[in-house]
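Notes follow once the structure below has been shown.
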Amino acid sequence: MEQASLNTAREAAHRLVGAEHGRRRAEAEKVEALCDLAAAYDLDDEELFLEVLIDQHIQVGGTGTPLVSEMVSLEIAGLLKIPVAHAAAELSAALDLKYRHPRLYEAVINLEIEVDRAQMMTTRCRDLHPMLLDEITAVWLARQDRLSWGQAKKLVDKLVVQADPELAAKKERVAREDRGVWLWGLNEGVMNLTGALDVLDAKFLDARLSEMAGLIAPQFPRLTKAQRRAKAIGVLANPAYALALLQEAAQPELLTDDAIAFMAKLLDGVPREFYQPTTAQNVGSTAPSEGDEPVGGACVPVDPDGDQWQLTEPDLHRRGVGTPPPAHHHGRAGDLPRRLVHPDGTPCSGLLSCSHEPVDEADASAPGEDSAPTPGDCCMGEGCSDPDVPRSRRFDPHECAGHHCGTIQVPVTKLRPTLGIAVHIHADALGQLGPAARVEKAGTITTALLAELLGEGNGYNIRVQPVIDLANLEPADNYVPSKRLRCGMVLAFPNEPFPFSQRDSVGLDLDHTVPYQPGRPGQTRVGNLAPLTRRVHRAKTAGYWVMHQPEPGRIEWRSPLGYRYDVTPFGTERCHPVHYNPNHDNGAGSMPATPPPRLVSGAA
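Here this note's numbering runs 129 ahead of the position in the sequence shown, where the first position is 1.
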């Protein structure tokens, strides 16, 4: 390496080490600040006369951590620009680290271990009794520096099990009770699917996804196996379609004309006694001479194969519709397999590639099917393109497609679950669609991707509804808003209008910004309502947080510490705190005068 390049690389490496040191220092100071803020945050509620509004002190950390204000997580959420639930989780982890693992906390403050690694250890020890923690912390802290992240995680799990085996068994039982599947996080047109399953259920699901991925390969030839496994989840969400795919795969293909001709060539020149049915008269004897009569006046077929059907020459010739099978089909006369045919007598290509409605096979105009007429098992229509038409043909001798036995008698699209998902699409004055489509409870995707997804849906039922004009929604005199007004508020606030909240507004209480007073008309209206969670509602009603709605769809908040936030459906903007004056005077740049934060005297 040249000297100039070497010097540049060394200087960059030095800055990298300094940045890493600064990151560790900042994260350690963040943990320290969280603990100090929680200890000092004590709201004044002496003037409140309703017990339900009084600030409660709760234990957000593990056993041994101090009680803190239940409202402090609201303050932290705004300061860190994160949802309230995430703020509570960060506070809990910080309190656990400081009060349950003081030795580990000291190592974090001294920058001997990074915060994420230390909190990984404390989280996995969350349920242990505090008296067991110091010894485990000492052993793990001495060894973790030489281990990778995964090895350090396995070590703490081992120490926890050794320290309290009964607790480990209990946690396994609790983990099974916490099983579930969750859909979350729209990102670039796709969503995340996570879950916790029983071991065997997870293995069976994994195997079934691989199987379904193979079955849909002809429909999605350009997708990788991993992508088809993802599509298979959607297939399994439509059980009738999934069963149809499995039945299609379990049944053998029809004998085409080429296959029949090929098998005829195979039998050409083969002695007839190898494949022609044997009669009762000539079993064990030479061929009868001309004029000999069969015993009993008829040939009695005998099946030397134990009543198993064997391919013979008559099977290689077509028969007309309604013609019964040959007599040597022992045990199957009158018990014939069902199949689908088109009106012209040509065979249907199957459930996954034919768009037809069932009709009687006797209505077919051309012969050529090795089956008796069975009502409801034929099809009509040109070509085959609909994968949602039920298949009813059977080729298995037992009249069932193996372990996928079952008959679907209605179009599979009608068996798809019903989802009330709203997709918001905007059009310009000329009727041209905009490039973005907002999927309710998911996020925004392009209209091009929306068209592609709808095209893969095989018959989605779509209903177009006009957009609700929020400005023209009539106010109500009652305290409880009307259904249409509630729907309009959900459209105005897709998420809870609290700083950096991610809560879906559907199902939340609609709170009056200006408190409702009986007898005054028009109070329940757009511009005086907002969907809030219960804790935020209590904080606002108690006066800890001050709320103002200057215009419909925009909420201004002031926290107990004096921080201000401007919330709209487009996000949250944190403003200067009310006690902050950049000009240090009462000029145009100063903030408006506001009451001081409602904190207990002496609290920081």
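Backbone N, C-alpha and C define an ideal beta-carbon position, used for all residues, glycine too.
| Item | Value |
| --- | --- |
| Test item: CB-CB of residue 157 and residue 285 under 7 angstroms | no |
| Separation of residue 678 from residue 620, as counted between CA atoms | 16 angstroms |
| Same chain only: Cβ atoms within 6 angstroms of residue 131, ignoring 5 sequence neighbours per side | none |
| Alpha-carbon to alpha-carbon, residue 370 and residue 252 | 43 angstroms |
| Of the residues 201, 654, 134, the one placed nearest residue 186, counting alpha carbons only | 201 |
| Sequence-distant residues of its chain with Cβ nearer than 8 angstroms to residue 667 (five each side left out) | 181, 182 |
| Inter-residue Cα distance where the pair is residue 280 and residue 270 | 13 angstroms |
| Short Cβ contact (7 angstroms threshold) for residue 630 with residue 212 | yes |
| Delimiting residues of the alpha helix (DSSP H) encompassing residue 238 | 231-238 |
| Three-pair Cβ contact test at 8 angstroms for the region 154-173 versus the region 223-236 | yes |
| Residues of its chain near residue 144, where Cβ-Cβ distance is below 7 angstroms and the 5 sequence neighbours each way are ignored | none |
| Integer-rounded CB distance, given that residue 614 should sit under 8 angstroms from residue 602 | 6 angstroms |
| Where residue 688 falls: helix, strand or coil (DSSP) | coil |
| Limits of the beta strand (DSSP E) - the one that residue 703 falls within | 700-704 |
| Sheet register partners of residue 370 (DSSP bridge) | Paired residue(s): none; residue 370 is not in a bridge. |
| Minimum Cβ-Cβ distance from residue 578 to chain C less than 7 angstroms | Included in the structure is just one protein chain, with no chain C present. |
| Run of the beta strand (DSSP E) containing residue 676, from where it starts to where it stops | 675-680 |
| Beta bridge counterpart(s) of residue 311 as assigned by DSSP | 323 |
| Classification of residue 260 by the beta-carbon crowding that lies within 10 angstroms, buried from 16 upward | exposed |
| Nearest candidate by alpha-carbon position, reference residue 700, set 626, 141, 303, 609 | 626 |
| Per-residue burial, residue 606 [other beta carbons within 10 Å of its own, 16 or more giving buried] | exposed |
| Closest residue to residue 312 among 319, 302, 323 (Cα-Cα distance) | 323 |
| Where residue 106 falls: helix, strand or coil (DSSP) | In the structure displayed, the chain extends from 130 to 733; residue 106 sits before or after that span and is not available. |
| Best match in 208, 660, 689, 690 for proximity to residue 698 [C-alpha to C-alpha] | 660 |
| Rounded C-alpha distance that separates residue 638 from residue 563 | 33 angstroms |
| Spatial distance of residue 294 from residue 256 (CA atoms) | 12 angstroms |
| Assumed close pair residue 298, residue 265 - CB separation to whole angstroms, cut-off 8 angstroms | At roughly 18 angstroms, the Cβ-Cβ gap does not stay under 8 angstroms, so residue 298 and residue 265 are not in contact. |
| Classification of residue 320 by the beta-carbon crowding that lies within 10 angstroms, buried from 16 upward | exposed |
| Close-in-space but distant-in-sequence residues of the same chain around residue 344 (CB under 6 angstroms, 5 per side omitted) | 374, 378 |
| Per DSSP, the bridge partner or partners of residue 198 | 186 |
| Residue from 243, 204, 616, 228 whose Cα sits closest to the Cα of residue 151 | 243 |
| Whole-angstrom distance between residue 263 and residue 566, CA atom to CA atom | 54 angstroms |
| Contacts around residue 361, its chain only, beta-carbon distance under 7 angstroms, and the 5 residues preceding and following it disregarded | 338, 341, 342, 345 |
| CB contact flag (residue 207, residue 689, <7 angstroms) | no |
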